[in-house]
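J.: In the order they appear, the protein sequences are chains U and X.
Per the working numbering, residue 1 is the first one in the first sequence, and the count goes up by one each step.
Per the working numbering, residue 110 is the first one in the second sequence, and the count goes up by one each step.
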Amino acid sequence: GQSLEQPSEVTAVEGAIVQINCTYQTSGFYGLSWYQQHDGGAPTFLSYNALDGLEETGRFSSFLSRSDSYGYLLLQELQMKDSASYFCVPKAAGNKLTFGGGTRVLVKP
Amino acid sequence: EPEVTQTPSHQVTQMGQEVILRCVPISNHLYFYWYRQILGQKVEFLVSFYNNEISEKSEIFDDQFSVERPDGSNFTLKIRSTKLEDSAMYFCASTFGGGNYEQYFGPGTRLTVT
């Protein structure tokens with residue numbers, strides 16, 4: 001089974017830093033993915049953490065602590081185009097992705 | 110950069126009609142998926158497909174749904190007798206390997222059942 005917890009919405013201004021926390025309970029956990037989805041658009045892969053620690057990809061970084069069943073996505077130097085929904089997606093055995101409700105990030109000028 | 114394509118972008122159909130949603134996955138990918146997203150709700154897994162057979166399906170994927178890879182490039186989702194509640198955005202995705210955390214999604218087909 002699986003449960004996921006993320007904040008439903010975060011608002012920040014351009015140039016700010018936003019951290020989206022994710023706690024999960026997933027049987028047979030392999031790692032944690034993050035996806036971005038703009039309104040009306042398709043989910044787009046951002047990052048994946050299989051091991052504990054921080055993975056940095058440009059302005060976005062993702063962190064995982066397996067012992068705490070916790071991860072976060074850090075969005076730095078926020079831009080208007082970062083306004084979207086962000087999903088933490090725990091990876092377990094099998095092929096499917098199981099999305100939760102996600103976090104809607106609203107960037108204001 | 111290779112991408113997943115889907116047609117049509119928007120399909121309107123009457124309740125009870127059959128619809129076929131089409132996808133062209135990335136050419137060297139081997140695993141194919143359908144997801145749906147009802148407006149304002151989360152993305153839900155429907156089915157995964159590998160080696161010309163279903164590898165996993167959700168409870169949503171009942172007898173009204175079927176998938177097919179009719180040739181070397183297309184991957185289709187058929188809904189036999191559409192219901193109002195089938196109205197949603199349907200996303201196709203593909204990956205090279207199984208259990209791959211990085212799935213490539215197509216732009217989606219918006220299905221409206223009236």
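Every residue, glycine too, gets a C-beta built ideally from N, C-alpha and C.
Small disclaimer: the values here were computed from a predicted structure and weren't measured.
Taking the alpha-carbon of Y199/X as reference, which of T191/X, E211/X and P216/X has the nearest alpha-carbon?
T.: The sequence position of residue 199/X within the second sequence is 90, counting from 1. The residue with the shortest Cα to Cα distance from Y199/X is P216/X.
J.: Using Cβ-Cβ distances below 7 Å, what residues of the stretch 151-177 of chain X are close to chain U?
T.: Result list: K151, V152, F154, S157, S164 and E165.
J.: Measure from the C-beta of F214/X to each C-beta in chain U and report whether the shortest distance is under 8 Å.
T.: Position 105 of the second sequence holds residue 214/X. Closer than 8 Å to some Cβ of chain U, the Cβ of F214/X qualifies, so yes.
J.: Along the stretch 177-208 of chain X, where does the CB come closer than 7 Å to a CB of chain U? Name the residues.
T.: The residues in question are F200, G207 and G208.
J.: So if DSSP puts H119/X in a beta bridge, which residue, or which two residues, is it bridged to?
T.: Taking the first residue of the second sequence as 1, we reach residue 119/X at position 10. DSSP lists R219/X as partners of H119/X.
J.: Using a Cβ cut-off of 8 Å (strictly closer), state whether G217/X contacts chain U.
T.: For the purposes of this step, residue 217/X is taken as the residue at position 108 of the second sequence. Chain U contact via Cβ: present.
J.: Touch check for the stretch 145-154 of chain X and the stretch 163-182 of chain X: three-plus C-beta pairs under 8 Å?
T.: Enough Cβ pairs lie closer than 8 Å, so yes.
J.: Spatial neighbours of S203/X within its chain, please: CB distance less than 6 Å, with the 5 preceding and 5 following residues excluded, ordered by chain position.
T.: Looking up residue 203/X in the second sequence gives position 94. Excluding sequence neighbours, S203/X sits near V113, P134, I135, H138, F141 and Y213.
J.: With H, G and I counted as helix, E and B as strand and the rest as coil, what does DSSP make of E112/U?
T.: The displayed coordinates of chain U run from 1 to 109. Any statement about residue 112/U would go beyond what the structure contains.
J.: If you draw a straight line from the C-alpha of Y35/U to the C-alpha of S85/U, how long is it?
T.: In the first sequence, counting from the first residue as 1, residue 35/U sits at position 35. In the first sequence, counting from the first residue as 1, residue 85/U sits at position 85. Whole-angstrom Cα-Cα distance: 8 Å.
J.: Is there a C-beta anywhere in chain X that falls below 8 Å from the one on V28/U?
T.: Here residue 28/U is taken as the residue at index 28 of the first sequence, counted from 1. A small correction: the amino acid at residue 28/U is Gly; Val does not occupy that position in the sequence shown. It does not; no Cβ of chain X falls within 8 Å.
J.: Any beta-carbon of chain X closer than 8 Å to the one on T98/U?
T.: Here residue 98/U refers to the residue found at position 98 of the first sequence. Yes, because at least one Cβ of chain X sits closer than 8 Å to the Cβ of T98/U.
J.: Between K91/U and chain X, is any beta-carbon pair separated by less than 8 Å?
T.: In the first sequence, the residue the question calls residue 91/U occupies position 91. Judged by the 8 Å Cβ criterion, K91/U is in contact with chain X.
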